[in-house]
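Data block below; observations after.
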Amino acid sequence: MDVELQILKHLAREAQPTVSFIDEYCSGYKDLFPEVRSYECFKYLHLGIIAPIKRKSLPEIAKVTGINSAQSLHHFLAQSPWSVIEIRERRLSKTLLALKGKKIIVIIDETGDRKKGKKTDYVARQYLGNIGKIDNGIVSVNAYGVYEHLTFPLMFKIFKPKGTLKPND
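Residue 100 is where the sequence shown starts when you use the working numbering, and the numbers rise one by one after that.
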């Protein structure tokens with residue numbers, strides 16, 4: 100076989116298109132994903148987040164986006180070779196650029212979510228402010244920006260109760 104033809108056969112394929120505005124938004128992050136499948140999962144998660152589904156779980160997002168198995172989305176989040184720090188920095192840079200120096204209001208919010216069982220990391224019996232009592236759950240602190248009538252996420256951090264800490268925490 101001709102070497103040139105062999106090289107052409109192994110060129111990376113283009114990512115499957117989704118909805119035009121999702122594709123347009125996600126294209127600004129494409130270079131952060133070393134493989135096309137990771138980039139596609141990134142787009143599918145964005146599509147799932149805006150989809151009119153009750154639960155934003157990986158199996159539900161897989162169903163609504165037409166993925167055969169939620170396993171690929173789980174692998175994308177758990178073991179894919181991309182950096183959450185690079186994506187966060189890119190998102191914040193794009194937000195800052197879009198604001199063009201305009202002032203915003205920053206809102207800090209503590210959110211507690213009830214959880215059954217102990218499979219989710221950092222779940223513990225702790226005070227959940229939104230229900231006003233101690234219960235089994237997970238707590239996060241979120242920072243949002245507000246500009247005119249638009250609210251957008253800035254940062255979040257999971258509160259890690261002492262009894263749930265892992266060696267690198």
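Glycine included, every Cβ here is placed at the ideal spot set by N, Cα and C.
**Study point:** Residue(s) in a DSSP beta bridge with Thr250
**Key:** Val245
Practice item. Determine the direct distance from the alpha carbon of Leu227 to that of His248, and round the result to whole angstroms. Key: 28 angstroms
Exercise for review: Over the uninterrupted alpha helix (DSSP H) stretch that includes Ala177, give me the two end residues.
Suggested key: Gln170 to Gln178
Exercise for review: Evaluate Phe251 with the Cβ neighbour count: other Cβ atoms within 10 Å of its Cβ, from every protein chain shown; 16 or more gives buried, anything less gives exposed.
Suggested key: Phe251 comes out exposed.
Point to revise | Pairwise C-alpha distance: Gln225 and Asp234 | key: 6 angstroms
Point to revise | Pairwise C-alpha distance: Thr263 and Arg112 | key: Taking the straight line from one Cα to the other gives about 42 angstroms.
Practice item. Answer yes or no: do Ile203 and Val245 have a C-beta to C-beta separation smaller than 8 angstroms? Key: yes
Check your understanding: If you check the beta carbons only, do Val222 and Lys232 fall under 8 angstroms apart?
Key -> no
Exercise for review: Could you tell me the distance, in whole angstroms, from the CA atom of Tyr243 to the CA atom of Val205?
Suggested key: Distance between the alpha carbons of Tyr243 and Val205 is about 6 angstroms.
Check your understanding: What whole-angstrom Cβ distance do Ile160 and Leu172 have, given they're in contact under 8 angstroms?
Key -> Ile160 to Leu172, Cβ: 6 angstroms. Contact.
**Study point:** Three-state secondary structure (DSSP) of Ser126
**Key:** helix
Check your understanding: How is the beta strand (DSSP E) around Leu264 delimited, first residue to last?
Key -> Here Leu264 belongs to no beta strand (DSSP E), and DSSP marks it neither H nor E.
Exercise for review: Look up Tyr138 in the DSSP assignment and say whether it is helix, strand or coil.
Suggested key: helix
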